Amino acid sequence: NKRKYCQIRTTRNTKPNQTRGDDRQEQQHPSPPSVPRRIFLSVYLSTLLSICSSDSRITMVFQLAIQRAVSKSVQRTALRAFSAAPASDDAAPSVFDKLISLTIVDPSGARRKIPGLVGTSLYEACETNEVELGPAGTCGVSEVVRSDEWTEPVFGDGPTSGFDHVVLSGAGVDTAAPMTRSEERMIEHYWDFDEIFPESRLATEIKLTGAMDGMIVYVPPRIDDTNP
């Protein structure tokens with residue numbers, strides 16, 4: 001009985017010691033850390049390219065494959081981000097938000113719609129769309145109307161000719177800058193009294209606004225500018 005007891009006791013005492021020894025061995029020889037997948041792939045691909053560097057064609061093929069894989073990955077990431085992003089009501093305006101439609105009525109009465117870019121002049125819109133208005137002459141703005149009581153001179157010569165006479169009607173006419181004295185003088189100098197209307201303006205002096213979408217522009221018969 002004493003021998004059995006001693007054997008059992010010895011066995012029980014040795015197990016914890018063995019366990020501690022195993023723990024010490026594990027601490028002395030820890031398991032190697034796991035290598036991130038991206039680092040592994042980059043090392044693998046660089047090694048593969050170095051092996052194939054002797055053949056330029058093989059290297060080019062691998063480089064193209066890597067570029068395509070990266071491009072597809074970036075596209076998928078961008079699409080996920082776009083689909084996950086909430087819709088915004090305050091999206092940045094595009095060029096289509098800056099375009100307006102103008103109706104041109106030529107001397108024969110034919111109508112034609114042309115686009116116009118907000119912020120540019122009516123003359124530029126007509127010239128871009130091949131609407132003949134005659135030569136334009138302007139040497140900077142002569143004055144700026146700040147209010148009904150105050151017109152600020154800015155020392156430009158203003159329009160120097162009145163060939164680009166048009167008659168405005170419809171949407172947004174009231175948003176155009178008021179006629180200056182130099183513009184009025186050019187219209188009266190180049191056109192007869194019966195050819196001038198309250199809506200008469202020079203196309204170079206009209207800056208397009210968003211409110212002018214749908215505005216009608218009547219083009220009177222042109223003055224012969226070939227003769228002095």
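For the sequence shown, the UniProt record's numbering assigns the number 1 to the initial residue and increments by one for each residue that follows.
We treat Cβ as the ideally placed atom computed from N, Cα and C, and that holds for glycine.
If you're wondering where the values come from, they're calculated on a predicted model, not measured in any experiment.
The beta carbon of P107 lies closer than 7 angstroms to those of V219, P220 and P221 in the same chain, with the five residues before and after it left out. R112 carries a strand assignment under DSSP once its states are collapsed to helix, strand and coil. T103 and G109 have their C-alpha atoms spaced approximately 11 angstroms apart. Taking the Cβ atoms as the reference, T204 lies roughly 6 angstroms from D164, within the contact range of under 8 angstroms. Taking each of V118, T180, L117 and G214 in turn and checking the Cα distance to L168, the smallest one comes out for G214. S161 and A136 have their C-alpha atoms spaced approximately 7 angstroms apart.
With fewer than 16 neighbouring CB atoms inside 10 Å of its own CB, R111 falls in the exposed class.
The three-state reading of DSSP puts T103 in strand, counting E and B together. The distance from the Cβ of V166 to that of L122 is about 7 angstroms, consistent with a contact at the 8 angstroms cut-off. The three-state reading of DSSP puts V167 in strand, counting E and B together. A straight-line Cα-Cα distance of about 22 angstroms links M212 and I187. With respect to E183, P159 sits close: the two C-beta atoms are nearer than 8 angstroms. Its Cα nearest to that of V217, the residue C126 stands out among T180, I196, C126 and T175.
For L202, the enclosing beta strand (DSSP E) begins and ends at S200 to L202. Counting other Cβ atoms within 10 Å of its Cβ, S200 reaches 16 or more and is therefore classed as buried. Under the criterion of beta carbons closer than 8 angstroms, I223 and G134 qualify as touching, at roughly 7 angstroms. Sorting K207, V105 and H189 by C-alpha distance to the C-alpha of D174 places K207 at the top.
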